[in-house]
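Some notes on the structure that comes next.
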Amino acid sequence: LLDATPEDTVDLLESQGLAECYMGQCAFTHDMLPPLMDKYLPVPDGVTPEDFYGCLLCYAGLIDQQAWDAAAFAADLDQRVIQPGMHAQQLLSTWPYITRMYTTISPNEMYTDPIFHINGDLPDVDNVRMGSRYTYCDGGAVFTLPDGRQVYMPNPNIWPDLGGEMPWEEDVELAAMMGPNQVISDRTDLINELLAAWNAQHGWPGGDDTTTDTGAETGSGTDGTDTIGGTNDDDVSGTDSDAGLNDPSASCACSSEGQGGDAPWAWSLLALAGLGLVRRRR
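Each number in this note's numbering corresponds to the 1-based position in the sequence shown with 497 added.
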């Protein structure tokens with residue numbers, strides 16, 4: 498960055514994973530970058546940040562050359578982004594277990610102080626939860642959760658609203674000083690029932706199917722019988738009220754896999770642990 502020109506800056510940041518660009522628009526992946534860019538490469542009037550940083554060459558004549566200082570920008574980037582990130586990585590490498598508490602309770606409602614203690618009887622909690630989204634040619638998609646449950650998505654890019662009866666939490670447990678946690682509430686059966694009803698309402702017969710189909714889908718759409726091809730070769734029967742997953746036109750599909758970190762899909766079934774291995778604590 499010491500020799501970078503203003504026009505090269507975003508490309509260099511993207512190569513380091515600090516910016517993401519798509520379809521001519523760019524956004525930064527670190528909260529400290531926008532104020533740095535405002536200081537050294539401010540957005541001109543009448544232009545959105547996404548467009549400006551997405552094509553600096555297009556707006557080369559509007560770049561504030563007086564504000565740009567490559568050496569100062571590199572120094573601030575190192576101090577505010579690079580070094581803190583390296584320090585955080587060192588902490589996680591040194592201390593593989595971390596403790597985290599998240600709450601939306603107001604201070605006046607928290608009449609009991611939280612206490613953290615180590616319970617060596619509890620197993621580790623994996624912080625990586627992998628899900629799979631299978632997108633069909635008719636526009637719908639099926640998301641397979643880490644535990645194998647499936648959720649039909651009418652819009653493959655938006656996590657569906659499953660209704661007000663769907664609980665926000667699946668399990669509530671009280672952590673003991675030793676031994677297993679004490680179950681306060683378990684709503685798994687209710688969630689499975691509502692999820693199966695949702696899937697059936699949208700013509701998806703995989704409410705209780707915990708397999709992940711990897712092939713294309715074919716079906717008649719008249720007798721309600723689907724044959725889903727692939728490595729599993731599952732035969733699933735069901736009734737369609739409209740052309741959808743059972744429509745012959747939906748005979749091609751694509752899938753994508755990744756961590757449940759897609760922010761719009763955050764849901765009670767996908768509660769993620771923090772960075773590193775986490776040991777359950779109260």
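C-beta atoms are modelled at their ideal positions from N, C-alpha and C, and glycine is treated no differently. Computed from a predicted model, the values in this text were never measured in an experiment.
* Simplified DSSP assignment, three categories, for aspartate 668 -> strand
* To do: Leaving out five residues on either side along the sequence, give the residues of the same chain with a beta carbon under 7 Å from the beta carbon of tyrosine 556.
  => Pro541, Val544, Phe549
* By how many angstroms is the C-alpha of proline 702 removed from the C-alpha of tryptophan 656? -> 19 Å
* Under the three-state DSSP convention, the category arginine 577 falls into -> helix
* Asked: Pick from Val648, Gln679, Leu687: whose alpha carbon is nearest that of histidine 699?
  -> Val648
* To do: Taking only the alpha-carbon atoms, compute the straight-line gap between tryptophan 665 and isoleucine 615 and give it to the nearest angstrom.
  => 27 Å
* Three CB pairs or more closer than 8 Å across the stretch 635-645 and the stretch 577-590 -> no
* Can you tell me which of Tyr633, Ile681, Cys518, Asp623 puts its alpha carbon nearest to the alpha carbon of aspartate 654? => With the sequence shown as reference, residue 654 is identified as asparagine, and aspartate is not the correct amino acid for it. Looking at the Cα atoms, Tyr633 is the closest of the given residues.
* Asked: Mind checking glycine 628: buried by the 16 CB within 10 Å criterion, or exposed?
  -> buried
* To do: Helix, strand or coil for glycine 628, going by three-state DSSP, please let me know.
  => strand
* **phenylalanine 640: first and last residue of the uninterrupted beta strand (DSSP E) it sits in** => 638-641
* Got a sec? Which residues, its chain only, sit under 7 Å from alanine 638 by beta carbon, not counting five neighbours each side? -> Arg630, Tyr631, Thr632, Met650, Pro653
* Asked: How many Å lie between aspartate 610 and threonine 591 at the Cα?
  -> 28 Å
* **Span of the alpha helix (DSSP H) around phenylalanine 549** => 546-551
* Asked: Is it true that the CB of valine 669 sits closer than 8 Å to the CB of isoleucine 688?
  -> no
* Asked: Which residues in the same chain as alanine 780 place their Cβ atom closer than 7 Å to its Cβ, once the five residues preceding and following it in sequence are excluded?
  -> Outside the shown range of the chain, which is 498 to 779, sits residue 780, and nothing can be said about it.
* To do: Go ahead and pull the three-state DSSP assignment for glutamate 606.
  => In the displayed model, glutamate 606 falls within a helix according to three-state DSSP.
* Going by alpha carbons, who is nearest to proline 620 out of Gln587, Glu606, Asp658, Pro677? -> Pro677
* **Residue range of the unbroken alpha helix (DSSP H) whose run includes isoleucine 688** => 685-698
* Asked: Helix, strand or coil for phenylalanine 525 per DSSP?
  -> strand
* Pull up the distance between the alpha-carbon of leucine 659 and that of proline 503, whole angstroms please. => 47 Å
* Span separating the alpha-carbon of glutamate 662 from that of alanine 672 -> In a straight line, the C-alpha of glutamate 662 is about 27 Å away from that of alanine 672.
* DSSP-derived helix/strand/coil call for glutamine 647 -> strand
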